[in-house]
Structures are given as structure tokens and as C-alpha cells.
Amino acid sequence: MSYNNMEGKLVIISAPSGAGKSTLIDNLLKRGVNLEFSVSATTRKPRGEEVNGREYYFMTEEEFSKRVDNGDFIEWEEVYANHMYGTLKTELHRIWKTGNHVLFDIDVKGAMNLKNIFGARAISIFIMPPSIAELERRLIGRGTDNADKIKMRVEKVVEEMNLADRFDEIIVNKDLDEACEKLYQVVTNFLSP
Ligand code: ADP
Ligand code: 5GP
């Protein structure tokens, strides 16, 4: 299937877990930009108030592997040990058909893969935490992950931050209002025809 004959751009946002990506994305969408969230599939369990089909399509490992074998994913990664995440091709078509552009919240490797596939039709944005210590404080403060999960997430941070330079834009999320404003400016500039 060719993606070149379809209209629509891609806004790809990556960040170490806890950097504030969800908070920034919520703010961006509330401002009424012409973007719709690509809902990823994952084998991890729902947490907090997450709803199947809204934050993620929650799948068993068997279901996920079957979809990989069918070629249903445009990209997928084992983001954490035994936790798979992937973007279904049907998500892109679903969103482009509505006339919206697609917004991605995916890991750094997935972001690089999508950027390679879509080139100038995509912008990749890295949300940088002010420090690793602050990132850990936010994860503890969020209260949705136990100590083991937080340790697993923090261990991945250095690896992810080392890839930040490969992104089109880096936004440091220190002051939340400033980071929201910067993200809004970068995205609206990119989407303007
Ligand atoms: P992510 O989606 O990147 O994992 P979240 O958006 O869930 O991160 O943010 C992690 C926690 O940090 C949340 O409790 C959120 O309210 C808080 N947070 C986000 N941005 C900031 C900021 N600039 N300053 C302080 N706390 C923040
Ligand atoms: P969380 O478990 O905190 O929701 O997400 C964990 C990580 O998986 C985040 O870095 C998130 O961006 C990434 N992720 C979510 N969906 C996808 C996806 O479809 N593909 C890839 N490669 N990563 C994803």
C-alpha cells in the first residue's frame, strides 16, 4: 500500500517516560489544532483510567504477534522488556480520511522509523526533561507506577536522551506554560500550508 498518494502530515512526539509528553499533548489538542491522536497497540496492561481504544488498543502478546505477522503495523518496538508497542496502518488511514493530520506519541526508535518512512511530511519533536532527578520525581508524583516500573523507565532515559539530537526539534519541559507555547508554535508552523 502506498502512503504517498494520501494527504496529511505526521507530528511525531517522543520523550522519556515522565518528561511531560501526555500533559503537553493534552494541552496542544485542547487548543484546537487540526490533529488527531494515533492510538497505538500495546501488550502492557491498562493503568489508571485508561480505556481500550482511547489511550491504546490493549492486546495480548498472541494477538500482537499475529498482527505483526499479518504486516498490520507500520512500525513496532519492544519498548520495555516484554512490552510491545506499535502503530497500526489502519490508524493512519482512519485519521487521514477525516482530513486531519496524525499525532504520534511513540518511543525514540519508532519516531526515527516513521521519520525515515515519511521524510518531510513528518516532523519529529523530542520533549526533554530538565534533569533525570526531576523526571524521577514526576514519575513518583504521578503515582501510576510502582518502584520497579519507575526503575525500568528511568534506566531507559539515558539511551533515549542520547538520540535527541536526531530529532527536528527539542523542547525542554521545565516551565510547563512555556513548553506548551513552544510546542504549539512549532506544530502550527509545520502544519500551515
Ligand atoms: P509522560 O506522558 O511523558 O510520561 P506526564 O505528562 O504523565 O509524562 O507527566 C508526568 C508527571 O509530571 C505528571 O504528574 C505531570 O502532571 C507532571 N508534569 C508535567 N510537566 C511538568 C512540568 N513542566 N513541571 C512539573 N510537573 C510536570
Ligand atoms: P507508556 O507505557 O508510558 O504509555 O508508554 C511507554 C512508551 O511506549 C512511550 O515512550 C511511548 O511513546 C511508547 N509508545 C507508545 N506507542 C508506541 C508505538 O506505537 N510505537 C512505538 N515504537 N512506541 C510507542
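The sequence shown begins at 378 in the working numbering and counts up by one. Glycine is no exception: its CB is placed at the ideal position from the N, C-alpha and C atoms.
Could you check where the beta strand (DSSP E) with residue i kicks off and where it finishes?
i	result
G518	Run containing G518: none in the beta strand (DSSP E); it sits in the alpha helix (DSSP H), I509 to R519.
A499	A499 to M505
D482	H478 to D482
E546	E546 to V549
S417	S417 to T419
I want to check one thing, is the minimum distance from the CB of residue i to the heavy atoms of the ligand 5GP below 8 angstroms?
i	result
K474	no
D484	yes
F481	yes
Y462	yes
A418	yes
I444	Reading off the sequence, residue 444 comes out as Arg, not Ile. It does not: the Cβ of R444 is nowhere closer than 8 angstroms to a heavy atom of the ligand 5GP.
K492	no
V456	yes
S501	no
Flag residue i as yes when its Cβ comes closer than 8 angstroms to any non-hydrogen atom of the ligand ADP, and as no otherwise.
i	result
L401	yes
D552	yes
I548	no
R519	yes
K559	no
K398	yes
G515	The question names Gly, but residue 515 is Arg in the sequence shown. Within the cutoff, so yes.
G395	yes
Over what stretch of residues does the alpha helix (DSSP H) that includes residue i continue unbroken?
i	result
L540	Careful: L540 lies outside any alpha helix (DSSP H) and carries neither H nor E.
M489	V485 to F495
A524	A524 to E532
T467	K466 to K474
Using a Cβ-Cβ cut-off of 9 angstroms, state whether residue i counts as contacting chain C.
i	result
N477	The structure shown contains no chain C; it is built from a single protein chain.
Give me the DSSP bridge partner(s) of residue i.
i	result
I451	Answer is none; I451 lacks a bridge partner.
A556	Per DSSP, none; premise fails for A556.
F435	T419
E561	A small correction: the amino acid at residue 561 is Tyr; Glu does not occupy that position in the sequence shown. Paired residue(s): none; Y561 is not in a bridge.
N429	Y433
inquiry  = Tell me whether the stretch 408–419 and the stretch 464–478 touch, counting them as touching only if at least three CB pairs, one residue from each stretch, are closer than 8 angstroms.
reply    = yes
ask   = Pairing CB atoms from the stretch 441–455 with CB atoms from the stretch 505–515, are three or more of them under 8 angstroms?
value = no
message = To test your reading of the DSSP string, which unbroken alpha helix (DSSP H) runs of 4 or more residues are found completely within the stretch 384–414?
response = 398–407
inquiry  = Contact between the stretch 552–564 and the stretch 514–530 is defined here as three or more beta-carbon pairs at a separation below 8 angstroms; is this criterion met?
reply    = no
query = Taking one C-beta from the stretch 521–531 and one from the stretch 481–488 each time, how about it: are there three or more such pairs within less than 8 angstroms?
reply = no
ask   = Taking contact to mean at least 3 C-beta pairs separated by less than 8 angstroms, is the stretch 494–508 in contact with the stretch 424–444?
value = no
query = Would the stretch 415–432 and the stretch 454–466 be scored as touching if the rule is three or more Cβ pairs under 8 angstroms?
reply = yes
ask   = Can at least three beta-carbon pairs, one atom from the stretch 546–555 and one from the stretch 423–431, be found at a separation below 8 angstroms?
value = no
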